[in-house]
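Step one of this worksheet: look at the structure below.
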Amino acid sequence: DDDDDDDDDDDEDDGEEKEEGKVIIDNTETNMISLRKTIYLTIHSSLDYEECAHKLMKMQLKPGQEIEMCHMFLDCCGEQRTYEKFFGLLAQRFCQINNMFIEPLEKIFIDSYATVHRLETNKLRNVARFFAHLLFTDSISWAVLSTIHLNEEETTSSSRIYIKILFQELAEHMGLNNLNARVQNPDLKLAFEGIFPKDNPKNTRFSINFFTSIGLGGLTDELRDFLKEQPKQVPAVAKIIDQLSESSDSDSDSSSSSSSSSSSSSSSSSSSSDSSSSSS
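Take 4 as the starting number for the sequence shown in the working numbering and just add one per residue.
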């Protein structure tokens, strides 16, 4: 009986532990919902971004909650009917005050671009302008642009609209010359090589046509020069193709002549056998 009682006690303890486990999980979810609600209400009750940043900075964030704060900046920005620079300024201020917010925002940029096809056009525009603000104020690293590969195969209509708005916004706030200087910066070569590709002429032309169509053809001068140099290699390639073609033709000629000679020899042998038969 004592053993049975002990077993019952153990079962009760296990049950309590499971219950406690559930409470911890629920509590974490509740805390996250509560955190997001507090951030949301603070954003919408603040007169300007400075007041909002001051209030939000007083919140005691736990490690890992910085990214939730950054997600809320973007979510609130995305739901506006038109872009409000309040959100870009708010995120910029957080990056200036504490650099622990920079990496989460860079991660969100990469994730947002990967899922940009899921966004409605209005939200897409707001998100692009939000990140353009963080780029032209150098609040986040331009290295995040390496996630963009501007070519026909790796873009959708949504991602092309996103890139268009992003670069038009950068050009408007920086000026075309300053933006072009940034594009030509050797330190940012990796950031821009997918946007201004030189891997093959087809992708190079696609990029040139894209930026020309959105009024930023001035950013592609180097690409145009690069493309002009490419035809010098074409004659050599054409010569190789001609040689391969001639070789293929001569192979087919020799094969057809050998087959015709074998057929004529077989026809002559059959003639001679016919004539032998008739003489006998």
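Glycine residues also receive a C-beta, built at the ideal position from the N, C-alpha and C atoms.
Inter-stretch contact at 8 Å, needing at least 3 Cβ pairs: the segment 42–59 / the segment 103–112: no
Under 8 Å between C-beta atoms of Leu77 and Tyr52: no
For Tyr86, the three-state DSSP class (helix, strand or coil): coil
Nearest to Thr31 (by Cα), restricted to the options Cys55, Ser48, Gln68 and Ile42: Gln68
Distance CB(Leu127)-CB(Ile164) smaller than 8 Å: yes
C-alpha gap between Thr215 and Leu64, whole angstroms: 46 Å
Segments of 4+ residues assigned as alpha helix (DSSP H) that fall wholly inside the segment 102–189: 105–117, 124–139, 160–177 and 179–187
Nearest neighbour of Ile70, chosen from Phe229, Tyr86, Glu87 and Cys98 [CA to CA]: Cys98
Residues near Ile113 in its chain [Cβ-Cβ closer than 7 Å; skip 5 each side]: Val147 and Thr150
CA nearest to the CA of Ala194, picked from Leu138, Ile217, Thr158 and Glu175: Leu138
Nearest to Arg96 (by Cα), restricted to the options Glu172, Leu38, Thr140 and Thr41: Thr140
Contacts around Asp190, its chain only, beta-carbon distance under 6 Å, and the 5 residues preceding and following it disregarded: none
Span separating the alpha-carbon of Glu157 from that of Asn206: 10 Å
Local conformation of Asp224 per DSSP, three classes: helix
Backbone secondary structure at Pro66 - three-state DSSP: coil
Buried versus exposed call for Tyr86 [16 or more other C-beta atoms within 10 Å across all chains shown]: buried
CB of Leu153 within 8 Å of CB of Phe209, strictly: yes
Rounded separation between Leu108 and Asp202 - CA only: 30 Å
Nearest neighbour of Ala131, chosen from Arg121, Ser144, Lys167 and Glu155 [CA to CA]: Lys167
Rounded straight-line distance, which links the Cα of Ala117 to that of Glu155: 16 Å
Spatial distance of Lys192 from Phe133 (CA atoms): 23 Å
Of the residues Asn125, Gln171 and Glu232, the one placed nearest Arg84, counting alpha carbons only: Asn125
C-alpha distance - Leu226 paired with Phe90, whole-angstrom precision: 35 Å
Separation of Met75 from Glu82, as counted between CA atoms: 11 Å
Buried or exposed by the 16-neighbour rule on C-beta atoms within 10 Å, applied to Met35: exposed
Val26 versus Asn129 - alpha carbon distance: Reliability fails at Val26, whose pLDDT of 42 lies under 50, so the model's placement of it is uncertain and the value that follows must be treated cautiously. Their backbone Cα atoms lie some 38 Å apart in a straight line.
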